[in-house]
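Shown next, in structure tokens, is the structure this report addresses.
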Amino acid sequence: MQPKQSQNPNSRLVVKLVGVVFGMFAFGFALVPLYDVFCDITGINGKTNETAVTYSAPEVDTSRMITVQFITKTTAGMPWKFEARTETVKVHPGELNTVEFYVRNPAIRDIVGQAIPSVSPGTAALYLNKTECFCFNNQPLPSGQEAVMPMQFYVDPQLPEDINFFTVQYTLYDITGTSADVTTESAE
Amino acid sequence: MGLLKGTIGTLMSMFVSSAVFAQSAESARSDLNLRQGVTEISSQVYDLHMLMFYICIGIGVLVFGIMFISMFLHRKSRGVKPANFHESVKVEIAWTVAPFVILVLMAIPAANTLIAMEDTSEADLTVLVTGSQWKWHYKYMDSDIEYFSNLATQREQINNKFSKGENYLLEVDRPLVIPTGQKVRFLITSDDVIHSWWVPDFAVKKDANPGFINEAWTNVVEPGVYRGQCAELCGKDHGFMPIVVIAKDPADYNAWKSEKIAAIEEAKAEEERLLAMNMSMDDLMANGKKQYLAKCAACHQPNGEGLPGVFPSIKGSSLVLNDKVGHIDIILNGRAGTAMQSFSKQLTLSEIAAVVTYTRNAWGNDTGDIIQAKDVFMQANGK
Amino acid sequence: MSSATETLKHDAHDDHHHGPAKGIKRWLLTTNHKDIGTLYLWFSFIMFLTGGAMAMVIRAELFQPGLQIVDPQFFNQMTTVHGLIMVFGAVMPAFTGLANWLIPMMIGAPDMALPRMNNWSFWILPFAFLILLSSLFVEGGGPAFGWTFYAPLSTTYSGDSTALFVFSVHIMGISSIMGAINVIVTIWNMRAPGMTWMKMPMFVWTWLITAFLLIAVMPVLAGVVTMVLTDKYFGTSFFNAAGGGDPVMFQHIFWFFGHPEVYIMILPAFGIISHIIPTFARKPLFGYASMVYATASIALLSFIVWAHHMFTTGMPVAAEMFFMFATMLISVPTGVKVFNWVATMWRGAMTFEIPMLFAIAFVILFTIGGLSGLMLAITPVDFQYHDTYFVVAHFHYVLVTGAVFSIMAAAYYWLPKWTGVMFDITLAKWHFWASLISVNVLFFPMHFVGLAGMPRRIPDYALQFADFNKWISIGGFAFGLSQLIFLALLIKACRKQGEPVSDQVWDGAEGLEWEIPSPAPYHTFDTPPVVK
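Chains as they are written, first to last, in our numbering: chain G, 8 to 195; chain H, 405 to 787; chain X, 34 to 565.
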């Protein structure tokens with residue numbers, strides 16, 4: 008970059024500063040995984056575990072009763088009928104529970120759906136452990152078909168004392184043909 | 405610094421007396437200041453705002469006062485000789501520490517109010533609030549009541565053809581109704597872009613993020629009509645998606661609720677009746693035009709030509725002209741990844757039939773097709 | 034510390050003493066810091082008028098309730114492009130232009146350290162803005178998602194011009210990064226013998242810190258616009274919940290850039306004011322060392338306050354508390370600066386020439402912006418202020434009566450040194466008083482409409498806001514017209530119409546730039562001065 012021969016201190020500094028620039032550009036992208044780590048720790052935005060956990064059979068705390076509310080949504084452009092079979096369930100922390108969700112595809116095309124969970128208050132997300140969930144995978148559903156999708160979970164007994172009620176929302180997206188649609192590879 | 409503290413002390417007492425005074429007054433919409441609102445939280449927020457305001461005024465008066473005194477006294481035209489001091493560790497430490505102390509004093513009440521605001525536990529009623537371009541949808545979690553809430557101001561008022569009403573841009577067709585004296589919890593989310601649900605009288609403003617839920621709550625003391633607006637830029641009609649909340653005392657609220665549930669039953673029966681019946685082309689066109697202007701024209705424009713590059717034209721569209729099933733499908737189910745949403749919840753079957761008939765026959769789209777409610781019903785239920 | 038003497042011998046070979054080339058080639062190919070400074074300053078002024086013209090469209094539409102002049106989609110394009118142009122086209126290049134003109138003269142260097150890169154960093158800028166402005170004419174219109182381009186409005190729901198927007202932001206970013214690297218290398222390696230760190234003029238210090246902020250956060254901006262580009266066109270899901278992304282994450286990354294960006298636009302202003310007030314108070318700057326430390330602490334704190342822009346997005350209480358306290362903390366070093374300026378004036382022997390008038394207006398009006406900023410830091414109340422005209426009032430006080438007034442103060446202060454003639458003082462007085470009055474008519478009532486509940490970025494509003502909006506628009510038109518006086522004055526000054534000035538120009542001015550002849554010769558400090 009420097010035409011003049013005797014500017015070594017300048018070039019050395021320029022190289023360092025350009026290094027900082029590239030480092031910060033990479034840092035911008037590193038913020039993406041860092042943000043997820045941050046969310047996992049603090050429960051920002053109520054993100055839940057994205058893969059199944061195994062039920063560790065903790066001691067069931069029968070002295071507490073937690074109400075879990077389930078809400079379903081479909082986004083604009085997602086025609087499926089999507090309902091929680093159970094709208095609220097009362098559970099003891101540590102107890103394993105199963106709830107079911109019903110879907111039907113009324114559109115004239117086959118659609119691949121993806122459900123995205125969100126928990127409020129966000130901190131409760133850290134204590135909601137899902138051992139089985141339809142939201143872990145893409146859900147393909149041909150035109151006119153219906154299905155019942157299970158979700159199995161337990162509430163960690165460590166759930167803070169002041170939380171005795173929380174809401175789990177599933178938002179269903181149409182991801183047919185997008186890069187998030189992996190049904191072609193992993194035939195279910 | 406003693407002077408500073410003294411000033412703040414005086415201001416604090418002024419503030420306390422003014423707060424007492426304000427409490428006896430009716431909560432009114434101010435054109436100059438934050439409103440006190442109608443909940444305990446909103447009046448705490450108001451008090452905090454006034455406290456901050458007076459502290460800022462105090463700091464301003466002090467700093468600018470000294471500056472103006474200096475500008476008057478220490479002018480060259482008065483023949484003064486400039487001093488030569490340029491540092492004083494004591495003074496500098498003082499004016500670093502003093503603001504710090506003031507900040508801590510401000511932070512304590514702020515933190516208390518914040519904790520109270522974010523405590524959404526033990527609500528009496530939960531309402532799911534969903535934003536979409538450019539309307540709100542309310543769903544009561546304890547019953548079947550759910551509906552869209554659209555801007556009710558006429559287009560003609562916005563375009564300066566009619567004179568503007570009292571609640572211009574702050575009126576909706578179906579307001580949210582909540583009971584007074586109960587803790588109402590709002591679960592807030594969005595169908596498309598980020599919106600923000602804001603009712604100033606409740607001091608509630610929460611972003612509606614697509615795919616995520618947020619919580620807020622209120623406990624309204626006084627029955628009344630409270631108005632707000634979407635606060636986050638959400639596209640073309642961001643300025644045209646107001647919020648109206650009617651707070652009714654519990655008895656009136658329950659009456660409203662039963663009436664609403666009865667109306668839902670009735671609408672279902674009416675829908676059944678319409679399914680069995682065939683509408684005439686003229687009726688379908690008239691109703692279709694009405695629905696089109698209300699629901700579709702914001703994007704596709706009243707002339708059906710859309711906005712090039714943003715919203716597609718319906719006039720001459722091959723989907724409309726050639727693909728009847730696809731046409732009904734796109735209105736029923738929307739199209740993923742575009743602004744075209746599903747209208748199956750916003751329009752009844754007969755309204756969808758009317759819109760489809762209208763768009764297939766208006767602006768030179770002369771297909772001559774008549775679509776009946778039962779055609780839509782058959783397709784929606786996969787028959 | 035030793036680098037200054039080391040550089041000295043490297044610059045000794047620079048002994049060509051020719052004047053500027055003739056014609057257009059002078060400007061296209063120039064590597065002279067004064068020429069490039071002039072280019073930057075004129076470019077930023079043209080952009081200021083362009084962005085201002087868009088503000089006039091906005092204010093004309095908002096003059097009365099109802100939609101009368103533009104449709105809402107175009108209104109959104111105007112607010113978006115107005116913001117982008119003013120931030121990246123007017124304020125930042127103006128500071129870079131001042132840095133080019135002044136830093137070498139202030140530290141006794143013959144030129145910037147990297148003169149060819151200097152030429153490129155300027156000349157890519159007009160292309161960036163040509164691309165941005167041309168996007169207004171493509172089908173579907175230009176960017177309409179606000180200068181903060183929140184996803185998914187800027188990704189899934191944006192128009193086809195988004196790619197043009199992304200490329201133009203990339204080019205602006207590259208230009209600023211090159212400018213910042215140049216400033217750092219120049220200050221690091223090219224100071225005259227005896228110009229130690231703690232003898233550096235405040236403008237040089239604030240710019241050094243600003244340059245570090247720039248190379249730290251402009252790449253993050255480049256990263257986030259790249260993510261917007263790939264989300265929109267290449268199917269990634271950084272900000273799309275359907276693919277496991279999160280739209281709120283966009284705001285975290287954007288404001289990680291965006292908040293330091295705010296200080297990028299104000300720190301050099303602090304430097305300018307710290308030159309002007311001592312000159313006209315005829316008294317040295319009070320608390321030089323604490324000014325340097327305050328600037329550095331503001332810069333460091335600016336990295337941990339970003340989420341105060343996003344209190345309503347739904348964060349855990351603990352996070353809200355943290356960002357509230359950190360934000361309040363930033364007012365301490367900012368307060369120190371204001372107190373230092375007042376103490377500099379105290380017991381001075383003040384005169385009120387045009388640069389001093391702008392500097393005093395800066396101190397008062399910037400402080401008003403700072404105090405409303407303190408109010409905005411208080412999370413529970415911010416829920417009421419957020420995204421209303423109160424915020425619009427706040428950041429226009431900080432950026433217009435803050436950053437822009439400081440740039441005007443700087444222009445008036447150093448213009449006689451650049452041109453060798455005194456500017457037209459009558460025009461300058463008209464410009465100052467007209468701007469001062471109109472800018473307050475323009476922005477002060479915004480506090481009221483904001484508190485009363487008017488959201489920002491709306492093309493039409495409820496009737497209760499009508500009276501104030503009329504006044505705001507009148508203030509806006511008057512402020513816009515006032516800048517034409519400045520244009521006339523600048524043209525006169527550049528044609529060297531006016532009384533010749535002495536080398537020192539102002540009675541109390543101190544620093545290396547006031548020891549060289551007026552107008553400043555094309556090449557200065559070929560032999561480095563020795564600073565005692």
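Backbone N, C-alpha and C define an ideal beta-carbon position, used for all residues, glycine too.
Rounded Cβ spacing between methionine 211 of chain X and methionine 150 of chain X (contact assumed at less than 8 Å): Going by Cβ atoms, the distance from methionine 211 of chain X to methionine 150 of chain X rounds to 5 Å, so yes, they are a contact pair.
Expected contact under 8 Å - CB spacing of valine 724 of chain H and arginine 764 of chain H to nearest Å: Contact between valine 724 of chain H and arginine 764 of chain H holds: CB atoms are separated by about 6 Å, below the 8 Å threshold.
Environment of glycine 365 of chain H [buried if 16+ CB atoms lie within 10 Å]: As shown, chain H starts at 405 and ends at 787. That puts residue 365 of chain H outside it, with no answer to give.
Interface residues of the segment 354–374 of chain X facing chain H [CB-CB below 9 Å]: Listed by position along the chain: Met354, Met357, Phe358, Met361, Leu362, Ser364, Val365, Pro366, Gly368, Val369, Val371, Phe372, Asn373, Trp374.
Chain-ordered neighbours of leucine 436 of chain H on chain X, where CB pairs are closer than 8 Å: Ordered by position in chain X, the residues that pass the 8 Å Cβ test against leucine 436 of chain H are Phe481, Leu484, Ala485.
Candidates H/Phe606, H/Arg479, H/Leu678, H/Pro614: closest to methionine 621 of chain H by CA position: According to the sequence shown, residue 621 of chain H is tryptophan rather than methionine. Measuring from the Cα of tryptophan 621 of chain H, the nearest candidate turns out to be H/Phe606.
Three-way DSSP call (helix, strand, coil) for tyrosine 555 of chain X in this model: It is coil, neither helix nor strand.
Cβ-based burial, alanine 64 of chain G [other Cβ within 10 Å; buried from 16]: The residue is exposed, with fewer than 16 neighbouring Cβ atoms inside 10 Å.
C-beta neighbour in chain H for phenylalanine 143 of chain G, strict 8 Å: Chain H, which has no Cβ nearer than 8 Å to the Cβ of phenylalanine 143 of chain G, makes this no.
Contact set between the segment 55–85 of chain G and chain H, restricted to residues whose Cβ is under 8 Å from the partner: Per Cβ criterion, the list reads Gln76, Ile78, Lys80, Thr81, Thr82, Ala83, Gly84, Met85.
Residue nearest to alanine 394 of chain X in terms of C-alpha spacing, selected from X/Arg380, X/Pro552, X/Val375: Each of X/Arg380, X/Pro552, X/Val375 was checked against the Cα of alanine 394 of chain X, and the nearest Cα belongs to X/Val375.
Chain-ordered neighbours of valine 162 of chain G on chain X, where CB pairs are closer than 8 Å: Contact of valine 162 of chain G with chain X by beta-carbon distance below 8 Å is absent, the smallest such distance being about 19 Å.
Phenylalanine 566 of chain H, DSSP secondary structure in three states: Here DSSP, grouped into helix, strand and coil, assigns phenylalanine 566 of chain H to coil.
Touching by the beta-carbon criterion (3+ pairs, under 8 Å), the segment 501–518 of chain H and the segment 568–575 of chain H: With fewer than three CB-CB distances shorter than 8 Å, the segment 501–518 of chain H does not count as touching the segment 568–575 of chain H.
C-beta contact flag for glutamate 546 of chain X and methionine 139 of chain X at 8 Å: Closer than 8 Å, so yes.
Cβ pair lysine 539 of chain H, threonine 345 of chain X closer than 8 Å: No, the pair does not count as a contact, with Cβ atoms beyond the cut-off.
Inter-residue spacing [alpha-carbon to alpha-carbon] between valine 216 of chain X and methionine 408 of chain X: Straight-line spacing of the CA atoms in valine 216 of chain X and methionine 408 of chain X works out to 35 Å.
Integer Cβ distance of glutamate 88 of chain G from threonine 178 of chain G, believed to fall under 8 Å: In the sequence under discussion, the amino acid at residue 88 of chain G is lysine, which differs from the glutamate named in the question. Contact doesn't hold; Cβ gap of about 14 Å is too wide.
Straight-line gap, threonine 229 of chain X to alanine 322 of chain X (C-alpha atoms, nearest Å): About 13 Å.
Pairwise C-alpha distance: glutamate 636 of chain H and glycine 70 of chain X: Their Cα atoms are separated by approximately 39 Å.
Proximity below 8 Å, CB of phenylalanine 428 of chain X to CB of phenylalanine 391 of chain X: Here phenylalanine 428 of chain X is not near phenylalanine 391 of chain X, since their CB atoms are 8 Å or more apart.
8 Å Cβ cutoff met for valine 44 of chain G and asparagine 136 of chain G: No Cβ-Cβ contact shorter than 8 Å links valine 44 of chain G with asparagine 136 of chain G.
Interface residues of the segment 555–583 of chain H facing chain X [CB-CB below 9 Å]: So the close ones are Gln561, Ile562, Asn563, Asn564, Lys568, Gly569, Glu570, Asn571, Tyr572, Leu573, Leu574.
Glycine 509 of chain X versus phenylalanine 501 of chain X: straight-line alpha-carbon distance, rounded: Approximately 12 Å, taken between the alpha carbons.
Cut-off 7 Å between Cβ atoms - residues of its own chain near leucine 469 of chain X, not counting five sequence neighbours on either side: Within the same chain, leucine 469 of chain X has close Cβ partners Ala394.
Proximity of isoleucine 549 of chain H and lysine 664 of chain H at Cβ, strictly below 8 Å: It is a contact, given that the beta carbons lie within the stated cut-off.
Cα-Cα separation between serine 471 of chain X and alanine 511 of chain X, rounded to whole angstroms: Serine 471 of chain X and alanine 511 of chain X: Cα-Cα distance of roughly 6 Å.
Glutamine 106 of chain X classed as buried or exposed, judged by whether at least 16 other C-beta atoms fall within 10 angstroms: Around the CB of glutamine 106 of chain X, 16 or more other CB atoms lie within 10 Å, so the residue is classed as buried.
For proline 349 of chain X and alanine 784 of chain H, the rounded distance between their alpha carbons: The alpha-carbon atoms of alanine 784 of chain H and proline 349 of chain X are separated by roughly 42 Å.
Residues within the segment 726–746 of chain H neighbouring chain C, beta-carbon criterion of under 8 Å: Note that chain C does not occur in the displayed structure, where the protein chains are G, H and X.
Closer than 8 Å at the beta carbon, the chain X residues around phenylalanine 457 of chain H: Neighbours of phenylalanine 457 of chain H on chain X, chain order: Met408.
For phenylalanine 36 of chain G and valine 257 of chain X, the rounded distance between their alpha carbons: Taking the straight line from one Cα to the other gives about 8 Å.
Nonlocal neighbours in the same chain, by C-beta distance under 8 Å from threonine 788 of chain H, ignoring five residues either side: Summary: the structure shown does not reach residue 788 of chain H, with chain H confined to residues 405 through 787, and so no result is reported for it.
Nearest-angstrom Cα separation, counted from phenylalanine 128 of chain X out to methionine 80 of chain X: Rounded to whole angstroms, methionine 80 of chain X to phenylalanine 128 of chain X spans 13 Å at the Cα level.
Neighbour list for glutamine 165 of chain G in chain X, Cβ cutoff strictly below 7 Å: Result: empty, since nearest Cβ-Cβ is about 17 Å, beyond 7 Å.
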